[in-house]
Structure formats: C-alpha cells, structure tokens
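Novice: Quick note on numbering: the sequence shown equals residues 1 to 251 in full-length UniProt numbering. C-beta atoms are modelled at their ideal positions from N, C-alpha and C, and glycine is treated no differently.
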Amino acid sequence: MTTTLTTLSTSDGGERGYLLLPPAGGTLRTFGSLAVAAGANVWGVEYPGHGERLAEPPASSVEELGALLADATPKDWFSRIVVIGFGMGAFVALEAAQRMGIAPGALIVVDACAPQRRSPDKNAKAGASAMGRVFGRTGLTPVAGYRDSPESWEHALDLLLGDLQLLNAYRGPVRTRLSCPLAAMRGTDDPASDSGDDATGGWRVWTSGPFVGRVVPGAYLGVLESGREAEFWARIRRLEAAFLDVEPDVA
1 MTTTLTTLST SDGGERGYLL LPPAGGTLRT FGSLAVAAGA NVWGVEYPGH GERLAEPPAS
61 SVEELGALLA DATPKDWFSR IVVIGFGMGA FVALEAAQRM GIAPGALIVV DACAPQRRSP
121 DKNAKAGASA MGRVFGRTGL TPVAGYRDSP ESWEHALDLL LGDLQLLNAY RGPVRTRLSC
181 PLAAMRGTDD PASDSGDDAT GGWRVWTSGP FVGRVVPGAY LGVLESGREA EFWARIRRLE
241 AAFLDVEPDV A
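1. For the stretch 7 to 25 and the stretch 200 to 217, state whether three or more C-beta atom pairs, one from each stretch, are separated by less than 8 Å.
2. Check each candidate in A156, V223, I84, L94 and name the one with the smallest Cα separation from V109.
3. With the cut-off set at 7 Å, would you say S33 and E225 are in Cβ contact?
4. F232 lies in the alpha helix (DSSP H); which residues open and close that run?
5. Which residues in the same chain as S79 place their Cβ atom closer than 8 Å to its Cβ, once the five residues preceding and following it in sequence are excluded?
6. In the DSSP assignment, the beta strand (DSSP E) including V36 goes from what residue to what residue?
7. Under the three-state reduction of DSSP, which class applies to L157: helix, strand or coil?
8. Just to confirm, are V62 and Y170 a CB contact at a threshold of 7 Å?
9. Relative to the C-alpha of D189, which residue among V174, S208, V223 is closest?
10. Per DSSP, T7 is paired with what?
11. Is DSSP giving G66 helix, strand or coil here?
12. Going by C-alpha to C-alpha distance, which of A59, V36, A37 sits closest to L159?
13. Using only CA atoms, which one of A97, F232, E154, R99 lies nearest to G39?
14. For P173, verify whether its CB is less than 6 Å away from any heavy atom of the ligand PLP.
15. Could you spell out the range, first to last residue, of the beta strand (DSSP E) harbouring G202?
16. Is E52 buried or exposed, if buried means 16 or more other CB atoms sit within 10 Å of its CB?
17. Exposed or buried, G202, counting other C-beta atoms within 10 Å across all chains shown (16 or more means buried)?
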C-alpha cells in the first residue's frame, strides 16, 4: 500500500505552499473549493479506502497513515511546506514527522485536541445513527454533498465510523517535540473539544518553536464550510505572521 501527494492547486509563488491532511471521514473532495481559494500551491493526501482510493483496503491504524505519508514525502520538501492537519489529520502529520525525523516548515492543527488531552474511547461505542445526529448538530463538512441520497449518506457514515475506530485505538504519538512553528485553531462551538486551554494551548508542549493558539467562530470543522474559504486563508496568513512575533521555547 502506498500514499501519493495530489496537487490540488498551483500558483506562481514558487515552492511555497500547503499540504492539507483530511479529518476523520474526510476525502480530498473536502478541500475542493478551499484549495482553489488559497492563491498558493496546495497539495493533499487521499487516505487508502477513501475518495479516489475507495477500492483500496483502508489503513489499519493512524500510525500506518503516518508511515505511508512519510514514505511518500521527500524530506527536503517536507521541511519547507506548511502542513495543515484537520482533526485526525493533525495526528497523521505528527506520526509522519516523527518517522521522517524532521519537522515541516510549520504545522497548523485545526479542531484537533492535543494528544495528551484526548479521550480515545469517547466514540468507541458510537453507532451510525448517533454519528448522523452529530453530523446534523455540528455541520460537519467532510461529508458535504453526501446528503443527496441515502446511499451517499450511508457511505459517508461508513468512512467516518471506520476512521473513528482508528482514532479510538490510537494512543497518541511518542512525546517528541517538533522544532517548527505550530499553531492550533478550534471553533468556539466545537462540541468535541474541551474548552479553553485544553483544545488549543495544550498543543504548546509539542514544539520547541513558536506557538500560537486561536479560537475562531464556528462549529467543529466549521472553517471548511462553503463560502468561508477566503476567511480561512486570511486566518492562516495571520497565524503565519504571528509566528514571527513569538519567541521559541528554548527550555
């Protein structure tokens, strides 16, 4: 099983760009209009068993997803790129970086609880009907467009439940700090995250570089909602600018 990087958008801005890693239940379809609005080079990863790779067997663990990404990614390129991990994608990014032995140019995690604050068994017994209610309550967008038919909706739920099983079994990465700038962003109305420092500031211990935490309006993964693309990239650029004003942790 292999993983390849997919070009989602191109720009004349040279090699600078972003690598987007999907959340649980997400596919590259999740990032369609978001990538186009970036005005930069954007790449994405399709997890095995998802989207265009539906015919392939899914990965058996979050660690395997990280290993697949590490094998597919040139180290010199990874060290210059800004990686944005949404939900589960944040942990895939950490696992890949640890296996490669190198930090990305920067890491931005969106609506992902810090590893040491997770409750892995929280959704262990969740069924399709329960997760369907979560979808309706939070406006979860990895499944945008899947409400068009019962078959599509069932497919989206299956993807999410399969990924949640990986997350429930995942005990977190080795406690090795990155050296790159790291930003954590979460929505104010995210019911899956603990409030305050637990959801953002808890990520501070995962880097010796500059850290920035931000709480933004919206529900879980609300930043991916259609129509918010320009707003999302404006926030990302502000986070990148903020890195320059933050002293790294030298302890």
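Specialist: Walking through what the data contain:
1. no
2. I84
3. no
4. 229 to 243
5. I102, A103, P104, G105
6. Per DSSP, V36 belongs to no beta strand (DSSP E); it is in the alpha helix (DSSP H), 32 to 36.
7. helix
8. yes
9. V223
10. W43
11. helix
12. A59
13. F232
14. In the structure shown, the ligand PLP is absent, as is every other ligand, since no ligand is present at all.
15. No beta strand (DSSP E) holds G202; DSSP gives it neither H nor E.
16. exposed
17. buried
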